[in-house]
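Step one of this worksheet: look at the structure below.
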Amino acid sequence: MATEDLQRFRPTNGRAMGVLGIVLCAALAAVFVTSASAATALPATLACAFAGVLVWAAMLRPTVSATSDELRMHTMFETVEIPLASIDTVLVRRYLLIRSGGRKYICPAISRSLRKTVRSEMKWNGGGGNLLMPGVSADGGGRGPLVQDAAAEHDLAYPDFVEQQILHLARSDRARRGIEERSEEEYELGSRAVRHPAWLEIATLVVLGVAFVVSLVV
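In this note's numbering, each residue's number is its place in the sequence shown (first place is 1) plus 245.
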């Protein structure tokens with residue numbers, strides 16, 4: 246039985262453009278239906294519907310949420326359920342990247358801007374010319390991505406919060422299961438990740454695509 250989501254992470258990428266794209270597709274379809282001949286309106290409307298579903302799948306479907314024991318990533322054409330305790334790497338760049346059991350999973354729902362991505366990848370140590378790895382503090386202290394500074398919590402960028410929160414949930418789940426970090430048990434647990442194809446979106450696109458082709462040749 247599926248576990249209820251405990252936390253949903255707010256998508257940061259593509260929402261406004263996705264809504265705008267669907268509205269434009271609907272508006273174009275309405276124009277064709279009301280002003281074009283039947284021979285033109287039918288394939289044009291089917292094309293608009295196909296584009297609308299594609300925009301939905303690409304920009305509005307992707308989401309990320311967590312339960313007490315798994316991370317759920319909804320991407321364009323599938324849903325991936327990853328055991329939290331198996332997650333060893335979380336990075337938000339132009340997309341959210343999760344590594345579990347030696348495999349990488351990508352979701353475009355959460356991202357940084359290109360400028361912030363470059364700045365995050367190239368952190369200078371006090372102007373001394375030494376590049377730091379992502380997630381390492383410039384002062385050389387031990388404050389890594391797993392530790393949240395309460396004093397700076399309100400200044401924490403949302404992608405940083407997502408990285409830290411998922412790593413925190415993963416660490417908590419490992420403690421609950423009695424699994425050591427970077428252990429064989431953690432790696433083996435990663436093999437239990439489950440992929441569910443988005444059959445509704447896939448089937449809808451196939452039906453609309455076939456219908457469009459048929460409308461052109463009939």
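A virtual CB, placed ideally from N, CA and C, is assigned to each residue, including glycine.
Taking the Cα positions, D418 is about 6 angstroms away from D314.
Residue pairing from DSSP places Q252 in a beta bridge opposite A311.
With respect to P288, F457 sits close: the two C-beta atoms are nearer than 8 angstroms. Of the candidates A275, I332, G266 and R253, I332 places its Cα closest to the Cα of E425. Shown here, P404 sits in a helix according to DSSP, grouped into three states. Within a 10 Å sphere around the beta-carbon of Q252 sit fewer than 16 other beta-carbons, which makes this residue exposed.
If you look at S345, you'll find it in the beta strand (DSSP E) that goes L341 to S345. In the displayed model, P288 falls within a helix according to three-state DSSP. The three-state reading of DSSP puts V463 in coil, since its state is none of H, G, I, E or B. Taking T290 as the centre and dropping the five residues before and after it, the same chain places the C-beta of A274, F277 and V278 closer than 8 angstroms to its C-beta, in chain order. At a Cβ-Cβ threshold of 8 angstroms, V335 and R357 do not count as neighbours. Residue range R260 to S280 is occupied by the alpha helix (DSSP H) that includes L269. Secondary structure at R317: strand, using DSSP grouped into helix, strand and coil. At least 8 angstroms separates the beta-carbon of S310 from that of I327. By the neighbour-count criterion, in which a residue is buried when 16 or more other Cβ atoms sit within 10 angstroms of its Cβ, H319 is buried.
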